[in-house]
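When the count follows the working numbering, it moves up by one through the sequence shown with no breaks and lands on 792 for the last residue. Notes for the one structure printed next.
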Amino acid sequence: MSARLCTSWKGKVEVTKDGLKLCTMGPGKVFGELAILYNCTRTATVKALTHTKLWAIDRQCFQTIMMKTGLIKHAEHMEFLRSVPSLQELQEDVLSKLADVLEETHYDEGDYIIRQGASGDTFFIISKGKVSVTQQKLANEEPVFLCTLSRGDWFGEQALKGEDVRTASVVAADDVTCLVIDRESFKQLIGGLEDVNSRVYESAEAKAKFEAEAAFFSSLDFSDFQIVNTLGVGGFGRVELVQLKSDESQTFAMKILKKQHILDTRQQGHILSEKHIMQETHCGFIVRLYRTFRDRKYLYMLMEACLGGELWTILRDRGSFDDATTRFYTACVVEALSYLHCRSIIYRDLKPENIILDQRGCAKLVDFGFAKKIGYGKKTWTFCGTPEYVAPEIILNKGHDISADYWSLGILMYELLSGSPPFSESDPMKTYNIILRGIDMVEFPKKITKNAANLIKRLCRDNPSERLGNQKNGVKDIQKHKWFEGFNWEGMRKGTLTPPIIPSVSSPLDTSNFDCFPEDSEDPPPDEDSGWDAEF
Ligand code: 6J7
257 MSARLCTSWK GKVEVTKDGL KLCTMGPGKV FGELAILYNC TRTATVKALT HTKLWAIDRQ
317 CFQTIMMKTG LIKHAEHMEF LRSVPSLQEL QEDVLSKLAD VLEETHYDEG DYIIRQGASG
377 DTFFIISKGK VSVTQQKLAN EEPVFLCTLS RGDWFGEQAL KGEDVRTASV VAADDVTCLV
437 IDRESFKQLI GGLEDVNSRV YESAEAKAKF EAEAAFFSSL DFSDFQIVNT LGVGGFGRVE
497 LVQLKSDESQ TFAMKILKKQ HILDTRQQGH ILSEKHIMQE THCGFIVRLY RTFRDRKYLY
557 MLMEACLGGE LWTILRDRGS FDDATTRFYT ACVVEALSYL HCRSIIYRDL KPENIILDQR
617 GCAKLVDFGF AKKIGYGKKT WTFCGTPEYV APEIILNKGH DISADYWSLG ILMYELLSGS
677 PPFSESDPMK TYNIILRGID MVEFPKKITK NAANLIKRLC RDNPSERLGN QKNGVKDIQK
737 HKWFEGFNWE GMRKGTLTPP IIPSVSSPLD TSNFDCFPED SEDPPPDEDS GWDAEF
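Shown next as structure tokens:
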């Protein structure tokens, strides 16, 4: 009989090989596929045990059906993959390769798709159903629920990026279908994607805390706050210390921006980006943005109040800092930059004016007006920053990335240790000229120690790829530099290391570490109703 695939719908057949009985089969079972699939002679004998009726498909027909279903599946997978937001950057030919290599796998409710602690070699994209992700901190503790994922979401990248150990458990919450991709294909086709690469997870406790906090702040109204005093004034508007009327011990910094001014200076994009980046940022070395409000004249950003004052004011009053003091503030900034850079965010406005102390004396970055999320391995071209802190590639419009922040870090160290930045002239054009001559043309004052000067020079390399922080080991190269030898990084992160300057802050209402500003006597700005700020 020529090769045919058979399925019985009545009767019973027996399968034998070399005289040995392999099994018996009843209605609904399929046999005869191997000779068709592999174009070989029959590998076993099938004999009717009772009167049997079969459906049979010949080789040609079977192959046509297989080809058609294969093509249909491929097209279905392509259509689905195109709709996955994180894969939008992939070209059609890469998506097609992905559709070729993936395997569709089905799970029933309650099935473990991934078990925390197991080793893992696969990446999953959900095409149907929902999964729950849980994590167990310690062996004897109950797992904590982290999140639910559904169609278009993906998981399993952690074990493929690092040590191949699954860092959480993933369980099917109903009937689930996943497209499963092996390690090698992941590495070649998906591993370089910004979304996949830059995803960093918060601990379960932190997630719960931030969710509760977000719920609290979204329940508040603008009228629930009252102004206590002014913390700062600029062309954009003012920053006021405000308190909750219902609990006056709870104070915040409310940044109030004039909408018309933002429009006049074409800063709409920067302001929206500032809101989005800051609101998602949960780092002890970056000022928190809790929520925003808006009306017809102003935008309002409700932020954490850091009452220790600006680092700029302290530097102005003291002239310069010693090595240990500078080391602590630089370390705080390194932590903040590392947090941002892991998420592909460049800060672009490092300077003492944008570093503020909380009441414990810990330094935090504030003002994200120039921060930008850029694609993994991508560059950006907008000219921005403060002249003295701008990296040469920004001046030359060569395109810049996170390494521009490491240049500014070197400039910041220099300014904190000496009292003024290394490149500083009366006019920005002259400043840019001396920046382009390079750090080796700068004569370092004696108070900058050899090790500090070495770190500054290695941060301020003309070539961004030679800068410390921007090489294979990333920020670790900075943390391990001789100037930081013996520095208690862990203590600083946990808040157990005593800061070098402990500001005097007598209460949540104490604004004495800030300069005094006259009351706002300006006429209110005009209404600005064009609607660009709808998402604010
Ligand atoms: Br989704 C998700 N959320 C988390 C999280 O908060 N922490 C951790 N560690 N993992 C999370 N996941 C996903 C992530 O893709 O769960 C997967 C478990 O296998 C993990 O990748 P994995 O460690 O390979």
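Every residue gets a Cβ at the ideal spot worked out from N, C-alpha and C, and that includes glycine. Computed from a predicted model, the values in this text were never measured in an experiment.
(request) Indicate whether V489 and M510 have their beta-carbon atoms separated by less than 8 Å. (result) With a cutoff of 8 Å on beta-carbon distance, V489 and M510 are scored as not near each other.
(message) On a Cα-Cα basis, can you pick out the residue from G366, P341, D367 and H333 that is closest to L358?
(response) Selected option, being the one with the closest Cα: H333.
(request) From the DSSP output, in three-state form, read off I758 for me. (result) Three-state result, I758: coil.
(request) Please go through the same chain and pick out, in chain order, the residues whose beta-carbon is closer than 8 Å to the beta-carbon of D503, but skip the five residues on each side of it. (result) Hits under 8 Å: none found.
(request) Whole angstroms is fine: what's the gap from P781's alpha carbon to K514's? (result) Cα to Cα, the separation comes out at about 7 Å.
(request) Put R439 into one of helix, strand or coil per three-state DSSP. (result) Here R439 sits in helix by DSSP.
(message) Assuming I630 and G641 are in contact, meaning their beta carbons sit under 8 Å apart, how far apart are those beta carbons, in whole angstroms?
(response) Actually they are not in contact, since the Cβ atoms of I630 and G641 sit about 15 Å apart, beyond 8 Å.
(request) Give me whichever residues DSSP pairs with Q482 in a beta bridge. (result) Beta-bridge partners of Q482 (DSSP): Q499.
(request) Determine contact between the stretch 721-736 and the stretch 686-705, defined as no fewer than three beta-carbon pairs at a distance below 8 Å. (result) Segments in contact, no.
(request) Classify P755 as buried or exposed, calling it buried when 16 or more other Cβ atoms lie within 10 Å of its own Cβ. (result) Taking all protein chains in view, the Cβ of P755 is crowded by 16 or more other Cβ atoms within 10 Å, so the residue is classified as buried.
(request) Identify every run of the alpha helix (DSSP H) within the stretch 273-300, keeping only runs that are complete inside it and at least 4 residues long; order them along the chain. (result) The DSSP assignment places complete alpha helix (DSSP H) segments of no fewer than 4 residues inside the stretch 273-300 at 289-294, in order along the chain.
(message) As a quick exercise: from D718, L276, G730 and S576, pick the residue whose alpha carbon is nearest that of L673.
(response) Here the closest residue by C-alpha is S576.
(request) Quick one: give me the first and last residue of the beta strand (DSSP E) that C403 is part of. (result) Annotation: the continuous beta strand (DSSP E) that includes C403 extends over V400 to L405.
(request) With a threshold of 16 other CB atoms inside 10 Å of the CB of S659, please say whether the residue is buried or exposed. (result) Buried, because 16 or more other Cβ atoms sit within 10 Å of the Cβ of S659.
(request) In the DSSP assignment, find the beta strand (DSSP E) that holds S425 and state where it starts and stops. (result) S425: member of the beta strand (DSSP E) spanning S425 to A428, first to last residue.
(message) Can you list, in chain order, the residues of its chain with a C-beta nearer than 6 Å to that of P643? Leave out the 5 residues immediately preceding and following it.
(response) Beyond the five residues adjoining it in sequence on each side, P643 comes within less than 6 Å, by CB distance, of P684 and T687 in the same chain, given in chain order.
(message) Assuming S388 is part of the beta strand (DSSP E), what are its boundary residues?
(response) In this chain, the beta strand (DSSP E) harbouring S388 covers V387 to Q391.
(message) Can you check which of these residues, E775, G675, E461 and L276, is closest to D573 by C-alpha distance?
(response) Restricting attention to E775, G675, E461 and L276, the CA atom closest to the CA of D573 is found in G675.
(request) Sort I602, Y554 and N295 by Cα distance to S786 and report the nearest one. (result) Scanning I602, Y554 and N295 for the CA closest to the CA of S786 turns up Y554.
(request) Could you tell me which of T390, R550 and F549 sits nearest to I459, measuring between CA atoms? (result) The sequence given here has Ser at residue 459, not Ile. The shortest C-alpha separation from S459 is found at T390.
(message) Rounded to whole angstroms, what is the Cα-Cα separation between N719 and S342?
(response) Our two residues, N719 and S342, have alpha carbons roughly 31 Å apart in a direct line.
(message) So, for G747: in the same chain, excluding its five sequence neighbours on each side, which residues have a beta-carbon less than 6 Å away from its beta-carbon?
(response) Around G747, the same chain offers L753 as residues with beta carbons nearer than 6 Å, after the five sequence neighbours per side are excluded.
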